[in-house]
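The opening residue of the sequence shown carries number 4 in our numbering; numbering runs sequentially from there. Heads up, the beta-carbon is just placed ideally off N, CA and C, and yes, glycines get one too. Right, one structure below, let's go through it.
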Amino acid sequence: AAAAQALPGLLQSLSAAAARAAAGLLAGLPVALLGGVFTVVLSFYLAADYRRVTGFLRQNLPEPGLRLLREARAFGREAVGQLLRAYGALFLVTFAEVAAGLWLLGVRSPLAAALAIALFDLLPLVGSGSVLVPCGLWAALDGRLPFAAGLWLLFGLIAGVRSILEPRLVGSQTGLHPLALITALFAGVRLFGAAGALLVPLGVLFLCFLNRRGVVRLFRPASE
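Here it is, written out as structure tokens:
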């Protein structure tokens, strides 16, 4: 009888402990990971019920909101192509640099390694340094100092070339001045971390797109 009376209290204590543990686990997860999971789930549901969602928006949004959605859709098609071309060119340049550098350093299968490092270099706040710097440190600890120095010099070359080319390549494709792009990248990283490095420049590009199409009037182009 005593056990039966204590059982509800025990279950309540266990459920409270489980809730606290779950809350602690969620709080410990990186915000970027949670945001990524949320984005994937949201995209899945939107794609699965796209017609119903768009129909609801058409029936309930005012005309300015509908126009903004149409412009966002047009911007998405345009921006994806522009960014793919810009970062495709940047990827090829980085791949050539890494492949040549690793070949000169005597690395086996330099093309395969260069492909992986060039892909890492496209990721915001990750870059080629996440591979080359630790590998150089490992080589230095192993006594291969010239090889380590070569890897670090290669990373410095890649980072320097990218810092010059990325704003120019993206700016030439999107029409955004390199100075504005660098400012947007810096502000995005400082305010929102890795996600901001992508979202803030995209937001600036979207505003410029709306300004160019006359939806908003924020500034006059230099040619006017």
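Let me confirm a value: residue i is counted as buried when at least 16 other C-beta atoms fall within 10 Å, else exposed. Which label applies?
{"i": "L208", "result": "buried"}
{"i": "D124", "result": "buried"}
{"i": "V83", "result": "exposed"}
{"i": "E100", "result": "buried"}
{"i": "F158", "result": "buried"}
Which same chain residues end up closer than 8 Å to residue i when comparing Cβ atoms and leaving out the 5 residues on each side of it in sequence?
{"i": "F195", "result": "L202 and V203"}
{"i": "L182", "result": "P170"}
{"i": "V134", "result": "A119, I120 and F123"}
{"i": "S175", "result": "A89"}
{"i": "L140", "result": "A151"}
{"i": "V218", "result": "R70, L71 and E74"}
At which residues does the alpha helix (DSSP H) containing residue i begin and terminate?
{"i": "R193", "result": "P181 to F195"}
{"i": "P113", "result": "P113 to D124"}
{"i": "L144", "result": "G132 to L144"}
How big is the Cα-Cα spacing for residue i and residue j?
{"i": "L184", "j": "A200", "result": "10 Å"}
{"i": "R76", "j": "R55", "result": "17 Å"}
{"i": "L213", "j": "A89", "result": "21 Å"}
{"i": "L126", "j": "F150", "result": "25 Å"}
{"i": "G132", "j": "A162", "result": "8 Å"}
{"i": "R111", "j": "A103", "result": "12 Å"}
{"i": "E81", "j": "P67", "result": "21 Å"}
Tell me whether residue i, by its Cβ, gets closer than 6 Å to a heavy atom of the ligand PLP.
{"i": "E100", "result": "Absent from the structure shown: the ligand PLP. Ligands present: none."}
What residues in its chain sit with their C-beta under 7 Å from that of residue i, if we drop five residues either side in the sequence?
{"i": "A142", "result": "F150, A151 and L154"}
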